[in-house]
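Undergrad: Here you go, one structure.
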């Protein structure tokens, strides 16, 4: 636990209230994933302090919120780049060049796995199965856009396109 408490803004609390209202009063903890997503949308990541605030708001142990945050790779536990690139490296993707795709991105962007480029544009990390094994290697951009058959050429094109968007 941190010594600096995270304060929920009135706007954040109102968004939490809307999510909690979707569940019976005794099941308000069911809104934990929605609350984590709200904090991440607003802050870019979910800090330990915000996990503690969510736990207090939902009336659940802080460790239970932390377990959700650490289980799902869609929650950023630290600041990330404008574009988060998750490359699947599970066995089916490994057999179809998933690790090579990850390594290519790391080399191209001069960053270590899990790291963010010096300009803050890209964070590159490996991830668990994305459920598109037949399309390997696959990756996810900003936890939303699935990209399939990511050859080195397609990875280069994607990076160039995202760099152009980052400048706008």
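Residue numbers (my numbering): -11 to 156.
We treat Cβ as the ideally placed atom computed from N, Cα and C, and that holds for glycine.
Model, not experiment: these values are computed from the prediction.
How would you call residue 153, buried or exposed, if buried means at least 16 neighbouring beta carbons within 10 angstroms?
TA: With fewer than 16 other Cβ atoms within 10 Å, it is exposed.
Undergrad: According to DSSP, residue 72 sits in a beta bridge with which residue or residues?
TA: For residue 72, which the question treats as bridged, DSSP gives the partners 111.
Undergrad: Could you pull out every residue in the same chain whose Cβ sits closer than 7 Å to the Cβ of residue 184, ignoring the five residues on either side in sequence?
TA: Only positions -11 to 156 of the chain appear in the structure, and residue 184 is not among them; the question remains open.
Undergrad: By Cβ distance below 6 Å, which residues in the same chain neighbour residue 121 in space, the five residues on each side in sequence not counted?
TA: Within the same chain, residue 121 has close Cβ partners 80.
Undergrad: So what does DSSP say about residue 135, is it helix, strand or coil?
TA: Strand, per DSSP.
Undergrad: Please name the residue or residues paired with residue 104 in a DSSP beta bridge.
TA: Paired residue(s): 111.
Undergrad: Since residue 124 and residue 69 are thought to touch, with beta carbons under 8 Å apart, how far apart are those beta carbons, to the nearest angstrom?
TA: The pair is not a contact, with the Cβ atoms about 24 Å apart (cut-off 8 Å).
Undergrad: Taking the alpha-carbon positions, what's the residue 155 to residue 145 distance?
TA: So the two alpha carbons sit approximately 16 Å from each other.
Undergrad: From which residue to which residue does the alpha helix (DSSP H) around residue 97 run?
TA: Element bounds for residue 97: 86 to 97.
Undergrad: What did DSSP end up calling residue 128 once you bin it into helix, strand or coil?
TA: In this structure, residue 128 counts as strand in the three-state DSSP scheme.
Undergrad: Mapping DSSP to helix, strand and coil, what is residue 54?
TA: Residue 54: helix per DSSP, three-state reduction.
Undergrad: Could you give the DSSP three-state label for residue 62: helix, strand or coil?
TA: DSSP places residue 62 in coil when its eight states are reduced to three.
Undergrad: Could you round the C-beta distance between residue 147 and residue 115 to whole angstroms and report it? I think they count as a contact, below 8 Å.
TA: No, residue 147 and residue 115 are not in contact; Cβ-Cβ is about 17 Å, not under 8 Å.
Undergrad: Taking three-plus beta-carbon pairs below 8 Å as touching, is the segment 126 to 139 in contact with the segment 41 to 55?
TA: Output reads no: the segment 41 to 55 does not touch the segment 126 to 139.
Undergrad: Would residue 110 and residue 128 be called neighbours here (beta carbons separated by less than 9 Å)?
TA: Result no, Cβ atoms of residue 110 and residue 128 do not sit closer than 9 Å.
Undergrad: Would you call residue -10 buried or exposed, if buried means 16 or more other Cβ atoms sit within 10 Å of its Cβ?
TA: Low per-residue confidence applies at residue -10: pLDDT is 46, beneath 50, and the placement is therefore not dependable enough to give any value.
Undergrad: Would you mind giving the Cβ-Cβ distance between residue 64 and residue 32, rounded to the nearest angstrom? I have them listed as a contact below 8 Å.
TA: That pair is a contact at about 7 Å.
Undergrad: Thinking C-alpha only, which one of 140, 38, 71 is nearest residue 105?
TA: When only C-alpha atoms are compared, the closest one is 71.
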